[in-house]
Amino acid sequence: MARSKKPKVEIDAGGKYHAALSNAEGGDRYEYDPKLTAQGCRRYGVKNMSGLFTCYACRPNKPHSWGSGIICTELYLSAINTYRVVFNAQMCKLCNRYARPKVDIDRYVAKVVDTFALWTGQRKAHAGNGPHKSTGPHDSSRCRGCLKGICTMSDANKNKSKSKKR
Ligand SMILES: [Zn+2]
Ligand SMILES: [Zn+2]
Numbered sequence: 001m002a003r004s005k006k007p008k009v010e011i012d013a014g015g016k017y018h019a020a021l022s023n024a025e026g027g028d029r030y031e032y033d034p035k036l037t038a039q040g041c042r043r044y045g046v047k048n049m050s051g052l053f054t055c056y057a058c059r060p061n062k063p064h065s066w067g068s069g070i071i072c073t074e075l076y077l078s079a080i081n082t083y084r085v086v087f088n089a090q091m092c093k094l095c096n097r098y099a100r101p102k103v104d105i106d107r108y109v110a111k112v113v114d115t116f117a118l119w120t121g122q123r124k125a126h127a128g129n130g131p132h133k134s135t136g137p138h139d140s141s142r143c144r145g146c147l148k149g150i151c152t153m154s155d156a157n158k159n160k161s162k163s164k165k166r
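Position 128, counted from 1, in the sequence shown is what UniProt numbering calls 128; the numbers after and before it change by one each time, with no gaps.
The structure is reproduced here in structure tokens:
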């Protein structure tokens, strides 16, 4: 393997994630397309997923793991129900390399199906939920989504939701 191989910072949720989605109730109508972009899609949005990151790069005998409830995840849905989901990686605090997430697959499927149902008009928005508030620490300097300014926890978004009291 090439030594210069860079760790992937944006991970497509094809493969097993798509397999789980297409087996789920309400998920079988969506077809995965890894080439989709926000342009030409009917909807694009960012959601948080939960899961576990493991860095195998810095300590081969004792991989460093950390959990996150704020895995910045991009969702694309086209007008013909093809879709794409991209997980944004987080950086290992020991070696500053990006690690891949292992996303909680049941919650992933539930969240994607629910979001697409809303986007395609199969359900109405949940009433009274307001903007989602996340708890727990989130290290924005190590989150690819925050660095891109799209994460729900990124400074750009925090400032957006902050109302000026004056
Ligand atoms: Zn590491
Ligand atoms: Zn973030």
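The beta carbon of each residue, even a glycine, is placed where N, CA and C say it ideally should be. Please read these numbers as outputs of a predicted model, since none were measured by experiment.
Between Y30 and Y83, the C-beta spacing is below 8 angstroms.
Spatial neighbours of C95 in its own chain (CB-CB distance under 7 angstroms, excluding positions within 5 residues in sequence) are listed in chain order as C55, A57 and C58. In this model, H138 and S68 are separated by some 8 angstroms (Cα to Cα).
Following the DSSP letters along the chain, one finds A20 inside the alpha helix (DSSP H) bounded by residues G15 to N23. As the crow flies, the alpha-carbon of P60 is around 41 angstroms from that of S78. Taking all protein chains shown into account, G40 has fewer than 16 neighbouring C-beta atoms within 10 Å of its C-beta and is therefore exposed.
In the DSSP assignment, L36 falls outside any alpha helix (DSSP H) and carries neither an H nor an E. In the three-state scheme derived from DSSP, where H, G and I count as helix and E and B as strand, A57 is classed as coil.
By the Cβ rule, the segment 90-110 counts as touching the segment 10-19, because three or more pairs are nearer than 8 angstroms. Listed by position along the chain, the residues with Cβ atoms less than 7 angstroms from a non-hydrogen atom of ligand 2 are I70, C72, H138, S140, C143, G145, C146, C151, M153 and S154. Straight-line measurement puts the Cα of Q122 at about 26 angstroms from the Cα of V103. When DSSP states are grouped into helix, strand and coil, S140 belongs to the helix group. Beta-bridge pairing by DSSP links R84 to Y76.
Excluding its 5 nearest sequence neighbours in each direction, V113 has C-beta neighbours in its own chain below 8 angstroms: L21, A24, E25, G26 and G27, listed in chain order.
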